[in-house]
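S.K.: Here you go, one structure.
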Amino acid sequence: MTVEVSDVPEAKRYEARVDGETKVAGVAEYIRTTELVAFVHTEVEAEYEGAGVGSALARTALDEARAANLRVLATCPFFAGWISRHPEYQDLLYQSRSQVSD
1 MTVEVSDVPE AKRYEARVDG ETKVAGVAEY IRTTELVAFV HTEVEAEYEG
51 AGVGSALART ALDEARAANL RVLATCPFFA GWISRHPEYQ DLLYQSRSQV
101 SD
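First residue of the sequence shown: 1, per UniProt numbering; consecutive thereafter.
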């Protein structure tokens, strides 16, 4: 099975399709600024769960964030968990620059 992922900026999401089908197998919704991309929701159709669609969405979206020099805010539980299991992407995570004063 081949999973193809593409960014659909007008819909503010990445879409995954399997084996050249037109049907969307999964999506990763985001909010993007000039410095940051926040992944807010990921959904994979039931028949594609466990087939690597979510991983393909995460990997493609994070690789593109890295290429665009964007920090990542993983508010979506799927993205947060995926990044925690893939340390090679943890450097992308947004770190607050604010300091708490005493």
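C-beta atoms are modelled at their ideal positions from N, C-alpha and C, and glycine is treated no differently.
1. If we call anything under 8 Å between Cβ atoms a contact, is Tyr-94 one with Leu-73?
2. Mapping the DSSP letters down to three states, classify Glu-15 as helix, strand or coil.
3. Relative to the C-alpha of Glu-15, which residue among His-41, Arg-71 and Thr-75 is closest?
4. Assign Ile-83 to one of two classes, buried (16 or more other C-beta atoms within 10 Å of its C-beta) or exposed (fewer than that).
5. Determine the extent of the alpha helix (DSSP H) in which Val-53 is found, giving its start and end residues.
6. If we ignore side chains and look at the alpha-carbon of each, how far apart do Glu-47 and Val-5 end up?
7. Rounded to a whole number of angstroms, what is the C-alpha to C-alpha distance between Thr-33 and Ala-65?
8. Identify whether Ser-6 lies in helix, strand or coil by the three-state DSSP scheme.
9. Where does Glu-45 sit, in a helix, a strand or coil, going by DSSP?
10. Please state whether the Cβ-Cβ distance between Val-27 and Leu-70 is less than 8 Å.
M.R.: Put simply:
1. yes
2. strand
3. His-41
4. buried
5. 53–67
6. 17 Å
7. 11 Å
8. strand
9. coil
10. no
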